[in-house]
Structures are given as C-alpha cells and as structure tokens.
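What follows is one structure encoded as structure tokens, with my remarks underneath.
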Amino acid sequence: MKADYINPFIESTLSVFKTMVGVEPKKDNIYIKKEDEPSFDISGVIGLAGQAVGSVVISMPEDLALGVVSKFLGEEKTKIDDDVVDAVGEFINMIAGSTKKVFSEKGLKFKISIPNVIIGKGHKINRPSNVPCLGVKFDVGDKFFVVEVALKEEK
853 MKADYINPFI ESTLSVFKTM VGVEPKKDNI YIKKEDEPSF DISGVIGLAG QAVGSVVISM
913 PEDLALGVVS KFLGEEKTKI DDDVVDAVGE FINMIAGSTK KVFSEKGLKF KISIPNVIIG
973 KGHKINRPSN VPCLGVKFDV GDKFFVVEVA LKEEK
C-alpha cells in the first residue's frame, strides 16, 4: 500500500468528526496493522472494490462511541443500541465516501460497500493477507480511536 493513500482518509476523518460531531481529533501515530491485533469494542467496516480493493475500518472503545454518537444525535446514549450502531456505520460511510471522491479526482476509481458494524470487546477483522493495512490513531481528549486502511491497486 502506498503511504500517500492514507492521507485522504486522515483528512476525511478529521473533517467528519469536526463537522458532524463538533470534535477535533488529533492525529497521533501511523502504524502497520498486524493480523492478530484486536480491534476495540465497536467497529464500522466498508469494503472497497474497483481499480483499488480493500477495506476501511473505524474502531473505538464503547465509552468513546457512546460519547461521539450522543453529540452526533443530540441525545444521551448510555448503551450500544441500534442508533449507536447506525451512527458508527454512518461515520465510516462518510469517511469512505469523502475519500472516494478524492481518489476519483486523482483517477483511481472504486466503489464502496454498505457499512457493516461489529460489536464486541477484542473482536478481530480479517483482511486478505495480500493487502497490507495501515492504521492511524486519533486522540480525542483522554481517549482514542483508530482508522485502519487496507488498500491495494488492481493491475
């Protein structure tokens, strides 16, 4: 995966959180995701297909998800319910959709799938072994979430 592929995902993530939630996450470190590393408590996943294939994931601890979804919806959420699941799916949908537009303008076209949301402490998200994955950690106060991008150009 080309390192410059991650930048549009970073910019989209920052924009979505600032615009839709009123939160300005700080980009922390970028890392290579290892196959056996677990995700947080709730993850939104979107598949990518076309001239590039792979996936993009947003994963966060339950308490952070409840906090940002409460701000997004304008109502207090104290447990993961259908509204929280839908909102996490919408976050990853907005991030992937915004990024898709950037790549399309650069001549790399792909389609995005319907978001899937996975719930459960320490769940794992399997990716094809031939598609490397870069992750970006974002700090939000004393908590953090990650966006992980596995993207490979098709020849």
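Following the numbering used here, the numbering of the sequence shown begins with 853 at its first residue and continues without gaps. We put the beta carbon where it would ideally sit given N, CA and C, even for glycine.
Closer than 6 Å by C-beta to residue i: which residues in its own chain qualify, once you throw out the five before and the five after it? Chain order, please.
i	result
Val998	Ser911, Gly987 and Lys989
Lys885	Cys985, Gly987 and Glu1000
Ala1002	Gly906, Ser907, Arg979, Val983 and Cys985
Lys939	A small fix is needed here, since residue 939 is Ala in this sequence, not Lys. The residues are Val921 and Phe924.
Lys878	Asp991
Measure the CB-CB distance between residue i and residue j and report whether it falls below 7 Å.
i	j	result
Ala948	Val983	no
Gln903	Phe861	no
Ile970	Ser895	yes
Leu900	Ile964	yes
Pro913	Asp893	yes
Gly941	Lys1004	no
Val937	Lys929	no
Gly972	Pro890	no
Using a Cβ-Cβ cut-off of 7 Å (strictly less than) and excluding sequence neighbours within five positions of residue i, which residues of its own chain qualify?
i	result
Leu916	Val992, Lys995 and Phe997
Gly919	none
Lys952	Phe962 and Ile964
Glu1006	Gln903, Ala904 and Val905
Asp856	none
Asp880	Lys989, Phe990, Asp991 and Phe996
Val954	Pro860
Return the residue from the list the options that minimises the CA-CA distance to residue i.
i	options	result
Asn945	Lys929, Val1001 and Pro967	Pro967
Val897	Lys879, Asp934 and Arg979	Arg979
Ser981	Ile932, Glu887 and Leu866	Glu887
In chain order, what residues of the same chain lie with their CB nearer than 8 Å to the CB of residue i, ignoring the 5 residues before and after it?
i	result
Val868	Phe943, Met946, Ile947 and Ser950
Ile858	Ile882, Leu986, Val988 and Val1001
Glu876	Leu866, Phe869 and Lys870
Exercise. Do the stretch 955-969 and the stretch 987-1001 meet, that is, are 3 or more Cβ pairs less than 8 Å apart?
Worked result: no
Three or more C-beta pairs under 8 Å: does that hold for the stretch 923-932 against the stretch 869-879?
yes
Task: Whole runs of the alpha helix (DSSP H) within the stretch 853-889, excluding any shorter than 4 residues - done: 858-868
Check your understanding: Going along the chain, which unbroken runs of the beta strand (DSSP E) with 3 or more residues stay wholly within the stretch 884-932?
Key -> 894-902 and 904-912
Report the start-end ranges of each beta strand (DSSP E) in the stretch 934-976 that is 3 residues or longer and not cut off at the edges.
962-964 and 968-971
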